[in-house]
Amino acid sequence: RLTLYTEQRCGFRRAPKKPEPRKAEPDQVGPRRSGLAPHVEEPVFYPRSRSFGRLFKPLVFTVGFTGCAFGSAAIWQYESLKSRVQSYFNGLQADWLEKLRPQKEGDFRKQVNQWWNSLSEGQRTVTGIIAANVLVFCLWRIPSMQRTMVRYFTSNPASKALCLPMILSAFSHFSLFHMAANMYVLWSFSSSIVSLLGQEQFIAVYLSAGVIANFVSYLSKTATGRLGPSLGASGAIMTVLAAVCTKMPEAKLAIIFLPMFTFTAGNALKAIIALDTVGLFLGWRFFDHAAHLGGALFGIWYITYGYELIWKNREPLVKIWHEMRTKGAGRRGGS
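Going letter by letter, the sequence shown gives residues 1 to 335 in UniProt numbering.
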């Protein structure tokens, strides 16, 4: 049962004495009090109207966060290129010194390095994302953290906290099965998406997708009045899946438990979008279908138009950053 706040000056109606318990919308997930959703509820507002005005701050946050993500990625790529050149020359010297040193047998660190180097660039990239999801999953298991987790790691347009949960909830899973399924899909598509976009651009797309998917979820919940918390990386992962399927529609895919049945990536994407569209219009509550659709449509748009509009126009920002770095280095050298 939710505790309801009343605030006359903010335009909220008085809560009934015996409110009906609200069911969490998951995924994002959260079926009817199953093990997929948290059992602790956060106090929420129930506005007198559908209150689209409350979405202004999330809209500004979505635009600002997306811009910062791609801007940071462009600078990160610039710094990475410089670092790789320097590392190349340092590596030549390190390899020469390594040959002179006696080799250690059974060195655990060496075994870890060999495993790490055996991974593809995409797998190494998503390892950090998976680790962050595992950490948040562990935080859900701490009883004293429950209310904090519900407030900041679930996205809900009726919550006091609107903006920060839009990104934090994309790393949040209450159910082990939910997290494992999402992380498996991310791991499976990691090599393809990072080969397609590069490490830096992928991170920008993934983080932006989480925020954009949650904003679409906010819009849907506010329009339909079905307010409730959502959590999960599904919106961002749908962007990854949609981007790969749009770029390589003839690629063959299969379900892990039914490997004998294969289908094209293009058909899989159409089926997923159709299913989420039906779920959205019929009001299915097991998944946050609006977030799924928002993530999928963002992935399709980015591959079709966004890359040309955003990433290919990063050069002016990189030039500004290069000039700042050059001037800074010159001042340090002069002093």
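The beta carbon of each residue, even a glycine, is placed where N, CA and C say it ideally should be.
Backbone secondary structure at residue i - three-state DSSP
{"i": "Met-248", "result": "coil"}
{"i": "Leu-162", "result": "coil"}
{"i": "Thr-154", "result": "coil"}
{"i": "Leu-317", "result": "helix"}
{"i": "Glu-42", "result": "Note that Glu-42 has pLDDT 48, beneath the 50 cutoff, so the model's placement of it is unreliable and the number below is only indicative. Glu-42 falls in the coil class under three-state DSSP."}
{"i": "Pro-229", "result": "coil"}
{"i": "Phe-281", "result": "helix"}
{"i": "Met-324", "result": "helix"}
{"i": "Ile-255", "result": "strand"}
{"i": "Phe-287", "result": "coil"}
{"i": "Phe-52", "result": "helix"}
{"i": "Phe-171", "result": "helix"}
Contacts around residue i, its chain only, beta-carbon distance under 8 Å, and the 5 residues preceding and following it disregarded
{"i": "His-322", "result": "Tyr-78"}
{"i": "residue 336", "result": "Here the chain comprises residues numbered 1 to 335, so residue 336 is not present and cannot be evaluated."}
{"i": "Trp-116", "result": "Arg-124"}
{"i": "Trp-187", "result": "Gln-123, Val-126 and Ile-130"}
{"i": "Val-60", "result": "none"}
Cutoff 6 Å; reference residue i; Cβ partners in own chain excluding five residues on either side
{"i": "Leu-231", "result": "Gln-28, Thr-154, Ser-169 and Ser-172"}
{"i": "Gly-122", "result": "Ser-190, Ser-191 and Val-194"}
{"i": "Leu-258", "result": "none"}
{"i": "Lys-327", "result": "none"}
{"i": "Met-145", "result": "Leu-139"}
{"i": "Ile-273", "result": "Ala-296"}
{"i": "Ala-132", "result": "Phe-171"}
{"i": "Ala-254", "result": "Thr-262"}
{"i": "Phe-137", "result": "His-173 and Met-179"}
{"i": "Glu-308", "result": "none"}
{"i": "Arg-314", "result": "Ala-74"}
{"i": "Phe-65", "result": "Val-211"}
C-beta contact flag for residue i and residue j at 8 Å
{"i": "Ser-208", "j": "Ala-74", "result": "no"}
{"i": "Gly-266", "j": "Pro-249", "result": "yes"}
{"i": "Phe-298", "j": "Thr-239", "result": "yes"}
{"i": "Ser-118", "j": "Asn-182", "result": "no"}
{"i": "Val-244", "j": "Leu-196", "result": "yes"}
{"i": "Glu-200", "j": "Ser-80", "result": "yes"}
Proximity to residue i [Cα-Cα], best of the options
{"i": "Val-63", "options": "Gln-199, Ile-142 and Ala-213", "result": "Ala-213"}
{"i": "Val-134", "options": "Trp-115, His-178, Gln-114 and Pro-157", "result": "His-178"}
{"i": "Ile-320", "options": "Leu-55, Phe-52 and Gly-71", "result": "Gly-71"}
{"i": "Gly-210", "options": "Phe-263, Ala-296 and Ala-180", "result": "Ala-296"}
{"i": "Ile-300", "options": "Leu-253, Leu-241, Phe-287 and Asn-313", "result": "Leu-241"}
{"i": "Ile-256", "options": "Ala-180, Gly-225 and Leu-275", "result": "Ala-180"}
{"i": "Gly-225", "options": "Gly-198, Tyr-206 and Arg-285", "result": "Arg-285"}
{"i": "Ala-290", "options": "Gln-86, Tyr-218, Pro-143 and Thr-148", "result": "Tyr-218"}
{"i": "Gly-198", "options": "Gln-114, Asp-288, Met-145 and Ser-120", "result": "Ser-120"}
{"i": "Gly-67", "options": "Ala-271, Ile-310, Val-278 and Trp-76", "result": "Ile-310"}
Rounded Cβ spacing between residue i and residue j (contact assumed at less than 8 Å)
{"i": "Val-185", "j": "Ile-237", "result": "5 Å"}
{"i": "Leu-293", "j": "Val-216", "result": "7 Å"}
{"i": "Lys-247", "j": "Thr-262", "result": "Contact flag wrong, Cβ pair sits at about 19 Å."}
{"i": "Tyr-302", "j": "Val-205", "result": "6 Å"}
{"i": "Ser-220", "j": "Leu-280", "result": "7 Å"}
Cβ shell of residue i (< 7 Å), same chain only, five flanking positions each side left out
{"i": "Tyr-152", "result": "Ala-161, Leu-164, Pro-165 and Leu-168"}
{"i": "Lys-57", "result": "Leu-162 and Cys-163"}
{"i": "Met-324", "result": "none"}
{"i": "Trp-76", "result": "Glu-200"}
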